[in-house]
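Inspection log for the structure reproduced underneath, given as structure tokens.
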Amino acid sequence: TDIQNQQQLVRETAPVRLAPPPMYQVVLLNDDYTPMDFVVHVLQRVFHKGGEEAERIMLQVHHEGRGICGIYTRDVAATRVDAVLRLAHADQHPLQCLMEPVP
Ligand code: TYC
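Residue numbering for the sequence shown follows UniProt numbering, beginning at 3 and increasing consecutively.
And the structure:
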């Protein structure tokens, strides 16, 4: 039957090797108003960082203007950017967050 032929074809075909998905880094931007504690809280809540790592990333953003929160597939990165912006907006902080393709 057609179905049996199809199943045999599937088995006889060399395993398909998929290209790795494009990855995106989520970037946090500095501003003069968002409290440091709030940024640390966001890094722990949204990016599952421990306290020390969250503090390190927050201070890097504070001193250098931007910092990478993590590298994810497109959907995960977009969901986390959205979560950060929603938390910031809910507390009326101007915190900005974006995603950019990893070269
Ligand atoms: N610069 C802010 C302050 O002095 C702290 C801050 C850190 C804000 C990181 C945003 O992404 C940020 N309160």
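Idealized CB from N, CA, C, for every residue including glycine.
Residues near residue i in its chain [Cβ-Cβ closer than 8 angstroms; skip 5 each side]
i: D93; result: F40
i: Q46; result: G52, G53, A56
C-beta atoms of residue i and residue j nearer than 9 angstroms
i: P96; j: Y26; result: no
i: L30; j: I73; result: no
i: R76; j: M101; result: yes
i: V42; j: A90; result: no
i: C99; j: V78; result: no
i: F49; j: V63; result: no
Integer-rounded CB distance, given that residue j should sit under 8 angstroms from residue i
i: P103; j: P24; result: 6 angstroms
Environment of residue i [buried if 16+ CB atoms lie within 10 Å]
i: M38; result: exposed
i: A56; result: buried
i: R82; result: buried
CB contact below 9 angstroms: residue i versus chain B
i: L61; result: Annotation note: the requested chain B is absent from the structure, which comprises a single protein chain.
Cβ neighbours of residue i in the same chain (closer than 6 angstroms, five flanking residues each side left out)
i: G67; result: N32
i: E54; result: none
Alpha helix (DSSP H) segment containing residue i, residue limits
i: Q46; result: 38-49
i: G67; result: Run containing G67: none; DSSP gives neither H nor E here.
Span of the beta strand (DSSP E), counted from its first residue to its last, around residue i
i: L100; result: 98-103
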